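With the first letter of the sequence shown counted as 1, position 8 gets the number 7 in numbering that gives the first Met the number 0; the numbers rise by one all the way through. The C-beta atom is built at its ideal place from N, Cα and C for all residues, glycine as well. Small disclaimer: the values here were computed from a predicted structure and weren't measured. Worksheet for the structure shown next.
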Amino acid sequence: MSDEALFRSADLIEPGDLVLYHGSIPTHHGLWIALPCRCGNCAAFDQLGFPMIRFALADPWGELPGPHHVRRTSLTRSAACG
0 MSDEALFRSA DLIEPGDLVL YHGSIPTHHG LWIALPCRCG NCAAFDQLGF PMIRFALADP
60 WGELPGPHHV RRTSLTRSAA CG
């Protein structure tokens with residue numbers, strides 16, 4: 000199995016992947032683009048070496064503001080990512 004296939008089979012999320020959000024904000028459940036959260040708090044945790052990967056979600060159609068500080072457990076990679 001290639002490295003890329005192994006990475007994809009682990010269901011890991013890369014920046015720019017389409018994801019399904021199923022977290023604590025029901026009005027935002029659905030399809031989003033996952034991006035690294037660049038807020039001050041998430042950046043500080045990253046610089047300190049804490050393994051708290053958080054995401055900012057972007058609307059694929061550019062119509063809605065998305066949630067920030069989203070935990071990995073609140074996301075599922077879309078099957079469209081292949």
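Identify, in the order they occur along the chain, each residue of the same chain with its Cβ nearer than 7 angstroms to the Cβ of I52, setting aside the five sequence neighbours on each side.
R71
DSSP has A57 in a bridge; who is on the other side?
I32
So the candidates are L30, D45, W31; which of them puts its Cα closest to the Cα of R37?
D45
What are the residues that DSSP puts in a beta bridge with R76?
V18
Note down the Cα distance separating T75 from H21, rounded to an integer number of angstroms.
Cα atoms of T75 and H21: separation of roughly 8 angstroms, rounded to the nearest angstrom.
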